[in-house]
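Engineer: These protein sequence lines map, in sequence, to chains E and B. Under our numbering, the residues of the first sequence are numbered 1 to 108, in order. Under our numbering, the residues of the second sequence are numbered 1001 to 1113, in order. Below are the structure tokens for one structure; questions will follow.
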Amino acid sequence: EDKVVQSPLSLVVHEGDTVTLNCSYEVTNFRSLLWYKQEKKAPTFLFMLTSSGIEKKSGRLSSILDKKELFSILNITATQTGDSAVYLCAVTGNQFYFGTGTSLTVIP
Amino acid sequence: DVKVTQSSRYLVKRTGEKVFLECVQDMDHENMFWYRQDPGLGLRLIYFSYDVKMKEKGDIPEGYSVSREKKERFSLILESASTNQTSMYLCASTAGGFYYGYTFGSGTRLTVV
């Protein structure tokens, strides 16, 4: 059965901390892995990863994919309260599969 | 900017009512999807459509139906709303295959009382 598993389910950190969110998957005909950020409304796109070992960066966020070990990580450095959100991992294969998300709370 | 618009942000309906959730996208996308999102369960696919008048069941179609009479519009219908259908409903669209990921609508939070 195809699945996407995210960990941890929730996380509380202080501003300035660095966090690592994990996404592992077992998906037939893997095509891409995507990260979304969801704040009280619809998810917004962060990254799409298709190749192993190539880091994608956007400001304080970065992500990398390991297609051999079937996982991805999303790093956030120097966290801010505005980073508080649910972070969703999704994998495309024959269909689109979502993880349940990691809820990140950044406290001042 | 690709836009996926859901007609209502918040809805409160009574048990047994027929409920229509509307979704419109403006980028000529072939594929449209309806999900519901519940705490601890993540996003679950209800129905999707690859083309006009075409629909496919997702993982949890029971109690729902859909309509796609025009390419830009995908409607989710709750034939007889029940309290266990209280949820956040998200519409999404994508061009071509799944490869490129979704563009989501802003969501409709439905409460059935």
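For glycine and all other residues, C-beta sits at the position ideal for the given N, C-alpha and C.
#1: In the segment 33 to 62 of chain E, which residues sit with their C-beta less than 7 Å from some C-beta in chain B, listed in chain order?
#2: Taking the runs of the beta strand (DSSP E) that are 3 residues or longer, which of them lie wholly in the segment 1069 to 1096 of chain B?
#3: For E/Thr-81, which three-state DSSP category applies?
#4: Can you tell me whether DSSP reads E/Ser-62 as helix, strand or coil?
#5: Under the rule that 16 or more other beta-carbon atoms within 10 Å means buried, what is B/Pro-1039, buried or exposed?
#6: Just to make sure I have the definition right: I need the residues of chain B whose C-beta is within less than 7 Å of the C-beta of E/Phe-98. Which are they?
#7: Would you mind reading off the limits of the beta strand (DSSP E) that contains B/Val-1052?
#8: Does the Cβ-Cβ distance between E/Phe-45 and E/Leu-34 come in under 9 Å?
#9: Is any beta-carbon of chain B found at less than 9 Å from that of E/Ala-85?
#10: From the beta carbon of E/Leu-88, is the nearest beta carbon of chain B less than 9 Å away?
#11: Counting only Cβ-Cβ distances shorter than 9 Å, please list the residues of the segment 1053 to 1076 of chain B near chain E, keeping chain order.
#12: Does DSSP put E/Lys-37 in a helix, in a strand, or in coil?
#13: What does the alpha-carbon distance come out to for the pair E/Gly-84 and B/Phe-1104?
#14: How should E/Asn-29 be labelled, buried or exposed, when 16 other C-beta atoms within 10 angstroms of its C-beta is the threshold for buried?
#15: From the beta carbon of E/Gly-101, is the nearest beta carbon of chain B less than 9 Å away?
#16: Whose CA, out of E/Cys-23, E/Ser-58, E/Ile-107, E/Lys-41, lies closest to the CA of E/Val-91?
#17: Buried or exposed: E/Arg-60, going by 16 or more other Cβ atoms within 10 Å of its Cβ?
#18: When the Cα of E/Ala-78 is compared with those of E/Gly-101, E/Glu-15, E/Asn-94, which residue comes out closest?
#19: Here's a check: name, in chain order, each residue in its chain whose Cβ is nearer than 6 Å to the Cβ of B/Arg-1109, leaving out the five neighbours to either side.
#20: Under a CB-based cut-off of 9 Å, is E/Thr-92 close to chain B?
#21: Going along the chain, which residues of its own chain have a beta-carbon closer than 7 Å to the beta-carbon of B/Phe-1020, five neighbours each way excluded?
Structural biologist: Taking the coordinates as given:
#1: Residues of the segment 33 to 62 of chain E that bring their beta carbon within less than 7 Å of a beta carbon in chain B comprise Leu-34, Lys-41, Ala-42, Pro-43, Phe-45, Met-48, in sequence order.
#2: For the segment 1069 to 1096 of chain B, whole beta strand (DSSP E) runs of length 3 or above, ordered along the chain, are 1073 to 1078, 1087 to 1094.
#3: Helix, per DSSP.
#4: When secondary structure is reduced to three states using DSSP, E/Ser-62 falls in the strand class.
#5: With fewer than 16 Cβ atoms within 10 Å of its Cβ, B/Pro-1039 is classed as exposed.
#6: Result: Gly-1042, Leu-1043.
#7: Where B/Val-1052 is concerned, there is no enclosing beta strand (DSSP E), given that its DSSP letter is neither H nor E.
#8: Yes, the Cβ-Cβ distance between E/Phe-45 and E/Leu-34 is below 9 Å.
#9: Residue contact check for E/Ala-85 against chain B: no CB pair falls below 9 Å.
#10: Yes, because at least one Cβ of chain B sits closer than 9 Å to the Cβ of E/Leu-88.
#11: Gly-1058: these are the residues of the segment 1053 to 1076 of chain B whose beta carbon lies less than 9 Å from some beta carbon of chain E, given in chain order.
#12: Three-state result, E/Lys-37: strand.
#13: Residue identity check: residue 84 of chain E is Ser in the sequence provided, not Gly. Cα-Cα distance, rounded: 19 Å.
#14: So E/Asn-29 ends up on the exposed side.
#15: Yes - at least one Cβ of chain B is within 9 Å of the one on E/Gly-101.
#16: Here the closest residue by C-alpha is E/Cys-23.
#17: Answer is exposed; the Cβ neighbour count stays below 16.
#18: It is E/Glu-15.
#19: Once the five neighbours on either side are set aside, the close Cβ partners of B/Arg-1109 are Tyr-1010, Met-1088.
#20: By this cut-off, E/Thr-92 is an interface position.
#21: A distance below 7 Å between beta-carbons, with the five flanking residues on each side excluded, links B/Phe-1020 to the following residues of its chain, in chain order: Ser-1075, Ile-1077.
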